[in-house]
Amino acid sequence: DVKVTQSSRYLVKRTGEKVFLECVQDMDHENMFWYRQDPGLGLRLIYFSYDVKMKEKGDIPEGYSVSREKKERFSLILESASTNQTSMYLCASSPSLALLSYEQYFGPGTRLTVT
Amino acid sequence: GEDVEQSLFLSVREGDSSVINCTYTDSSSTYLYWYKQEPGAGLQLLTYIFSNMDMKQDQRLTVLLNKKDKHLSLRIADTQTGDSAIYFCAEPYFKAAGNKLTFGGGTRVLVKP
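Structure, rendered in structure tokens:
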């Protein structure tokens with residue numbers, strides 16, 4: 070079974086702090102994604118990566134950065150957390166497009182509260 | 005796809021059928037997906053349909069695809085309390101590198117005993 074794990078289920082941080090959210094997948098997938106999920110807005114893509122050290126902005130990258138130094142690990146960084154970044158953060162991975170599948174496998178999510 | 009739309013909420017009695025509807029935008033989509041999110045959890049793939057099919061049945065789940073109208077539906081027969089969740093439809097997003105998905109806003113299904 071594909072397993073995507075996220076470093077924390079719940080996180081509380083103060084405004085202005087630097088926050089790291091970690092995601093690890095064990096299926097050697099090329100693609101990894103970070104989403105945020107807010108009530109009524111569904112899933113919105115923040116950043117994704119299709120290879121080590123490669124990253125692409127998603128729909129809402131402002132206030133976030135990412136790092137992918139190893140294939141299995143994709144980190145989301147909030148440089149200076151703000152209250153409007155309080156949300157559920159979901160990580161996902163998917164195999165190469167060569168397999169003609171767009172299926173994504175999700176981690177359990179991190180609920181981040183910024184106070 | 006840029007705008008995948010779903011209704012926000014569905015209430016259904018236990019034992020009845022549920023139908024969740026979705027409209028998508030890209031007629032060239034190869035696969036269309038339904039994901040389920042249980043409370044406090046991430047998303048899990050529930051089922052998918054390939055674009056050359058009109059219908060796919062998998063136990064209590066039936067997916068119907070109307071390519072002309074770009075309309076996708078998920079029918080759950082004999083709905084159970086364990087089916088209470090948020091359901092997302094998704095289509096591939098072709099406009100950039102990487103195999104991305106565009107998700108609908110999600111339909112929250114509440115099953116009443």
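These protein sequences, in sequence, are chains D and H. 129 is the number that this note's numbering gives to position 60 of the first sequence; each next residue is one higher, with no gaps. 87 is the number that this note's numbering gives to position 83 of the second sequence; each next residue is one higher, with no gaps. Backbone N, C-alpha and C define an ideal beta-carbon position, used for all residues, glycine too.
When Cβ pairs closer than 8 Å are counted between the two stretches, the region 49-59 of chain H is seen not to touch the region 7-18 of chain H, the count staying below three. DSSP places H/N70 within a strand segment (E or B) once states are collapsed to three. DSSP, read as helix, strand or coil, puts H/Q84 in coil. For a Cβ distance threshold of 7 Å, nothing in chain H lies close to D/Y158: the least Cβ distance comes to about 10 Å. Interface with chain H (8 Å Cβ-Cβ cutoff): D/Q154 is excluded.
Contact note: D/Y171 reaches chain H through Y35, P96, N103, L105, using a C-beta cutoff of 7 Å and chain order. The C-beta of D/L114 comes closer than 8 Å to at least one C-beta of chain H. Judged by their CB atoms, D/S162 and D/Y171 are not nearer to each other than the 8 Å cut-off. By the Cβ rule, the region 94-114 of chain D counts as touching the region 123-131 of chain D, because three or more pairs are nearer than 8 Å. In the DSSP secondary-structure assignment, H/Y97 is bridged to H/K104. For the pair H/T27 and H/S55, the CB atoms are not nearer than the 8 Å cut-off. Interface residue (Cβ-Cβ distance to chain H less than 8 Å): D/F175 is classified as such. When D/R83, D/K87, D/M101 are compared, the shortest CA-CA separation from D/Q75 is found for D/M101. In this structure H/S15 is not in contact with H/R79, their Cβ atoms being roughly 16 Å apart against a cut-off of 8 Å. By the Cβ-count criterion, D/D97 is exposed, with fewer than 16 other Cβ atoms from all chains shown falling within 10 Å of its own Cβ.
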